[in-house]
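Just so you know, we're using the numbering used here here: the sequence shown kicks off at 90 and counts up by one.
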Amino acid sequence: MGGHVGSLGRALTLLAALGSDEVVAAGGNGVGEFAALIGRDKSQISRTLATLAEAGFAERDPMTRRYRLGWMVFVLAARSGDQRLISAAQPVLTRLVRETGESSHLSVLRGDSVLTLLTESPGRAVHAVSWVGRVVPVMATSSGRA
Numbered sequence: 090m091g092g093h094v095g096s097l098g099r100a101l102t103l104l105a106a107l108g109s110d111e112v113v114a115a116g117g118n119g120v121g122e123f124a125a126l127i128g129r130d131k132s133q134i135s136r137t138l139a140t141l142a143e144a145g146f147a148e149r150d151p152m153t154r155r156y157r158l159g160w161m162v163f164v165l166a167a168r169s170g171d172q173r174l175i176s177a178a179q180p181v182l183t184r185l186v187r188e189t190g191e192s193s194h195l196s197v198l199r200g201d202s203v204l205t206l207l208t209e210s211p212g213r214a215v216h217a218v219s220w221v222g223r224v225v226p227v228m229a230t231s232s233g234r235a
């Protein structure tokens, strides 16, 4: 997103950083960490994060003063994509899991990455992470190599 300029571009870049694997795994970042990550002034980052938080796109932990993705991101994500594809795929994945006893994923190719839209797993499966919504390099997934 380096081609974006101005406050909207800064907000989009910051929103992408809020959703990065590293920031999510860390439980959020502080203003200074985001400023260093994005290469912007702390005051700009602080104002942009405050605006995103006010609109529900970011959430600030008052104890740690770290920001993470807000609820509005999840609302929009639930409404995005081709919901007809997901609805049509759900029973197919369920049947496939029942017949094979293995997990099954609905993924789409996005450039040189794979985005997982839906995952079905057998009842006995234990998962450390959810693949839904993750963007992973093609060659790093069985879905991408298939």
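Just so it is clear, CB atoms sit at the ideal spot from N, CA and C, and this is done for glycine as well.
DSSP three-state label for residue i, please.
i	result
Arg149	strand
Val221	coil
Ser193	strand
Arg213	coil
Thr208	strand
Ser132	helix
Ala144	coil
Ala166	helix
Sort out for me which residues DSSP pairs residue i with in a bridge.
i	result
Val181	In DSSP, Val181 forms no bridge with anything.
Arg199	Ser202
What's the gap between the Cα of residue i and the Cα of residue j?
i	j	result
Gly91	Leu158	With a pLDDT of 49 at Gly91, under the threshold of 50, the modelled position of this residue cannot be trusted, and the question is left open.
Arg173	Val112	31 Å
Gly98	Leu107	14 Å
Ser132	Asp150	18 Å
Trp160	Phe146	6 Å
Ala139	Thr189	48 Å
Gly121	Val164	28 Å
Ile127	Pro226	22 Å
Ser219	Ser96	32 Å
Ser135	Ser169	28 Å
Met184	Leu195	The identity of residue 184 in the sequence shown is Arg, whereas the question assumes Met. Looking at the two C-alpha atoms, the distance is approximately 13 Å.
Ser210	Arg187	9 Å
Specify, as a first and last residue, the run of the beta strand (DSSP E) that residue i falls within.
i	result
Arg154	No beta strand (DSSP E) holds Arg154; DSSP gives it neither H nor E.
Any heavy atom of the ligand HEM closer than 7 Å to the Cβ of residue i?
i	result
Ser169	With respect to the ligand HEM, the structure offers nothing, as it holds no ligand at all.
So the alpha helix (DSSP H) residue i belongs to, where does it begin and stop?
i	result
Gly95	95-107
Val113	110-115
Thr230	Segment: none, Thr230 is in no alpha helix (DSSP H) and carries neither H nor E.
Ala125	120-127
Is there a Cβ from chain B that is less than 8 Å from the Cβ of residue i?
i	result
Val186	No chain B appears in the structure shown, which is made up of a single protein chain.
Query - Three CB pairs or more closer than 8 Å across the region 224-232 and the region 202-211 - result: The region 224-232, when compared against the region 202-211, does touch it at the 8 Å Cβ threshold.
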